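Trainee: Here's a structure for you.
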Amino acid sequence: MRRLLILLVKAYQLLLSPVMAGRCRFYPSCSHYTVEALQEYGALRGSWLSICRIARCHPLNDGGYDPVPPCQCKKPQFQLSRPSHND
């Protein structure tokens with residue numbers, strides 16, 4: 131599912147984005163943000179982050195630098211330790 135969504139966004143970037151002449155208020159653009167969010171978080175969470183970002187992209191928002199938040203899910207919750215030998 132993630133690959134299909136990324137493919138759709140890439141098609142948008144190739145076919146429609148050049149016609150719209152860079153109207154995104156953010157850096158990275160909303161489509162680049164979407165690809166990065168999908169790669170980092172997967173289809174469900176990445177899509178949600180993208181929807182929230184696109185909802186903020188309007189004339190009343192100043193925009194600016196707005197990267198995908200760092201993924202905390204890849205960090206281990208605990209560390210395995212070596213068993214101690216109590217001889």
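The sequence shown: position 31 = 161 (our numbering), numbered continuously.
Virtual Cβ for every residue (Gly too), placed ideally from N, Cα, C.
Computed from a predicted model, the values in this text were never measured in an experiment.
(1) From S161, D192, G152, pick the residue whose C-alpha is nearest to that of Q140; which is it?
(2) The alpha helix (DSSP H) spanning V149 covers which residue range?
(3) Give the DSSP-derived three-state secondary structure of G194 in the structure shown.
(4) Going by beta-carbon coordinates alone, are M171 and C201 separated by less than 8 Å?
(5) Inspect the beta-carbon positions of S180 and Y163 and report whether they are closer than 8 Å.
Mentor: In brief:
(1) The question names Gln, yet the displayed sequence has Lys at residue 140. Ranking the options by Cα distance to K140, first place goes to S161.
(2) Looking at the DSSP string, the run of the alpha helix (DSSP H) that includes V149 is 147–150.
(3) Taken through DSSP and simplified to helix, strand or coil, G194 comes out as strand.
(4) Correcting the residue identity first, residue 171 is Tyr in this sequence and not Met. Remark: C-beta atoms of Y171 and C201 approach each other more closely than 8 Å.
(5) Yes, these two residues count as a Cβ contact at 8 Å.
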